[in-house]
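Peer 1:
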Amino acid sequence: MENLRRRFARPPEEVRAAVTDPDERVLAWGVLARGAGWLVATSRGLRTVGPGADAPVLPWHEVGHARWASTTDGGGSFTVTPLTEVEPGVQARLPAVRHVLTDAGDLPATVRRRVDQTIVTSRRSPLPDRGGLLLVARRVPGQAAREWTVVFDDDADRDDPVARDIARRKLTEALAAEQPD
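Going letter by letter, the sequence shown gives residues 1 to 181 in the working numbering.
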């Protein structure tokens, strides 16, 4: 019964006030620990709302990884790893941010669904003698074509000519596979 009530509940007033764009909808929210506000999933992305916590939206296609660890009391923690473009077609992982929640509600399922919906395909390729790289095709709002990016396991590989050549070749192969004959 509580889950049903939560599903049809309105977001807290502070959350509604923070989402000012009429084209952006609040999908789910979780209560942050220590009165820090809310972690909010919107139609555009993930954001924090609260005292000193209001942050810009992290668009869904820029969420590299979101790991949920639940606790037995309905809370848990989200560890979110954002991506940033460091050059055209190449993204790097930013430091992970951990959000501790006392009440997660529908937030874990919503975040997973939204991140998964942006990913069309991903391919991991090894690099000689170390790590690898990940090629990812994502749906980006406002763009008709998928956006392919490369994320190196180790940021230092972005400066290695051999690793860059492998990444370029793998990306070219992936793009060629999408083109009709």
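From the three backbone atoms N, C-alpha and C, an ideal C-beta is built for every residue, glycine too.
Leaving out five residues on either side along the sequence, give the residues of the same chain with a beta carbon under 7 Å from the beta carbon of residue 79.
Peer 2: The answer, listed in chain order, is 67, 96, 98.
Peer 1: Specify the secondary structure class of residue 35 as computed by DSSP and reduced to three states.
Peer 2: It is helical.
Peer 1: Give the range of the beta strand (DSSP E) segment to which residue 82 is assigned.
Peer 2: Residues 76-87.
Peer 1: For residue 4 and residue 74, I'd like the C-alpha separation in whole angstroms.
Peer 2: Low confidence applies to residue 4: its pLDDT is 46, below 50, so where it sits in the model is not reliable enough to give any reading.
Peer 1: Grouping DSSP H, G and I as helix and E and B as strand, with all else coil, what is residue 13?
Peer 2: In the structure shown, residue 13 sits in a helix (DSSP, three-state: H, G or I).
Peer 1: From what residue to what residue does the beta strand (DSSP E) around residue 92 run?
Peer 2: Unbroken beta strand (DSSP E) run through residue 92: 90-93.
Peer 1: Starting from residue 178 and walking both ways along the alpha helix (DSSP H), at which residues does that stretch end?
Peer 2: Per DSSP, residue 178 belongs to the alpha helix (DSSP H) from 161-178.
Peer 1: Taking the runs of the beta strand (DSSP E) that are 3 residues or longer, which of them lie wholly in the stretch 126-157?
Peer 2: The stretch 126-157 contains these whole beta strand (DSSP E) runs: 130-138, 147-152.
Peer 1: Excluding the 5 residues flanking residue 101 on each side, which residues of the same chain have their C-beta closer than 8 Å to its C-beta?
Peer 2: The residues are 30, 31, 32, 33, 39, 75, 76, 77, 78, 107.
Peer 1: Smallest Cα separation from residue 118: which of 165, 169, 142, 21?
Peer 2: Among 165, 169, 142, 21, the Cα nearest to that of residue 118 is on 142.
Peer 1: As a quick exercise: from 59, 89, 128, 18, pick the residue whose alpha carbon is nearest that of residue 171.
Peer 2: Taking only the C-alpha atoms, the option nearest residue 171 is 89.
Peer 1: Specify the secondary structure class of residue 109 as computed by DSSP and reduced to three states.
Peer 2: DSSP places residue 109 in helix when its eight states are reduced to three.
Peer 1: Rounded to a whole number of angstroms, what is the C-alpha to C-alpha distance between residue 133 and residue 150?
Peer 2: Approximately 7 Å, taken between the alpha carbons.
Peer 1: Taking only three categories from DSSP, how would you classify residue 183?
Peer 2: The structure shown does not extend to residue 183, since the chain spans only 1 to 181, so no value can be given for it.
Peer 1: Just reading off the beta strand (DSSP E) that residue 20 is part of, what are its end residues?
Peer 2: Where residue 20 is concerned, there is no enclosing beta strand (DSSP E), given that its DSSP letter is neither H nor E.
Peer 1: Pick from 114, 64, 103: whose alpha carbon is nearest that of residue 92?
Peer 2: When each option's Cα is compared against that of residue 92, the closest is 64.
Peer 1: Select from 161, 135, 131 the residue whose C-alpha is nearest the C-alpha of residue 174.
Peer 2: For the residues 161, 135, 131, the minimum Cα distance to residue 174 belongs to 135.
Peer 1: Of all the options 126, 15, 130, which has the alpha carbon lying nearest to the alpha carbon of residue 46?
Peer 2: Among 126, 15, 130, the Cα nearest to that of residue 46 is on 15.
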